[in-house]
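Quick note on numbering that gives the first Met the number 0: the sequence shown kicks off at 0 and runs consecutively.
Glycine residues also receive a C-beta, built at the ideal position from the N, C-alpha and C atoms.
All values derive from a computational prediction rather than experimental measurement.
A short worksheet on the structure shown next.
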Amino acid sequence: MTDTPMYRVSEAARFLDVSTDTVRRWIAAGALTHRTDSAGRTVVDGVELARHARKITALPEDPRHVSTSVSNRFYGIVTDVKRGDVMSLVEIQAGPHRIFSLVGTDEIDRMQLTPGNAVIASALAQAIALERI
0 MTDTPMYRVS EAARFLDVST DTVRRWIAAG ALTHRTDSAG RTVVDGVELA RHARKITALP
60 EDPRHVSTSV SNRFYGIVTD VKRGDVMSLV EIQAGPHRIF SLVGTDEIDR MQLTPGNAVI
120 ASALAQAIAL ERI
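Pasting the structure below:
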C-alpha cells in the first residue's frame, strides 16, 4: 500500500496556480487540513488537495452555448501563427498555459486565425500524455 502523497504549501500553490497565501488561507479557513512534516514544514494531503481543486475549479461557460463531448477545453487567445505550405503551428495562451496546435493552413485561412483572436482549444483524451512527477 502506498502512502498518501503530501505536498508543501508552495507545491500545492503551484499545482492550483494560486499564491502560497491563498493555500494558507484555505488551511486557516478549514478548507484544507494540514500537518507538519519531519522538517517542520506545513504539508497538505494530496488526495484532499485534488478534491479541493475539483471543487474550486469550474469550467468556464461556453460563449457559443454549443453541446460537445470534449470536456478538456481551454479558452485562450492566439499569440502566434507560424504558417507553412500545408500545416501551420498556432500558439495559444490560455491562462497560465501555453498551448500549441498543428492546424491545416487551409483551416487557418478559413477561420481567419491571427494573433489576438479568441479561441477554444479542445484536447481529446487519447492525445494527452501524462508524466508522473
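{"Query": "Own chain partners of Leu101 with C-beta closer than 7 Å, once the 5 adjacent residues on each side are dropped", "Result": "Met86, Leu88"}
{"Query": "Runs of alpha helix (DSSP H) wholly within the segment 20-47 (minimum 4 residues, chain order)", "Result": "none"}
{"Query": "Which residues DSSP lists as bridging Gln92, in chain order", "Result": "Ile76, Arg97"}
{"Query": "Supposed contact pair Leu112 and Val80 - C-beta distance, whole angstroms, cut 8 Å", "Result": "6 Å"}
{"Query": "Supposed contact pair Arg82 and Ile107 - C-beta distance, whole angstroms, cut 8 Å", "Result": "7 Å"}
{"Query": "Best match in Ala93, Thr78, Val77, Arg7 for proximity to Thr41 [C-alpha to C-alpha]", "Result": "Arg7"}
{"Query": "Spatial distance of Pro4 from Ala11 (CA atoms)", "Result": "11 Å"}
{"Query": "Cβ-based neighbour list, Gly45, same chain, cut-off 8 Å, excluding 5 preceding and 5 following", "Result": "Thr3, Pro4, Met5, Tyr6"}
{"Query": "Counted within 10 angstroms of its Cβ, other Cβ atoms place Thr33 as buried (16 or more) or exposed", "Result": "Residue identity check: residue 33 is His in the sequence provided, not Thr. Buried is the call here."}
{"Query": "Arg72 versus Gly29 - alpha carbon distance", "Result": "31 Å"}
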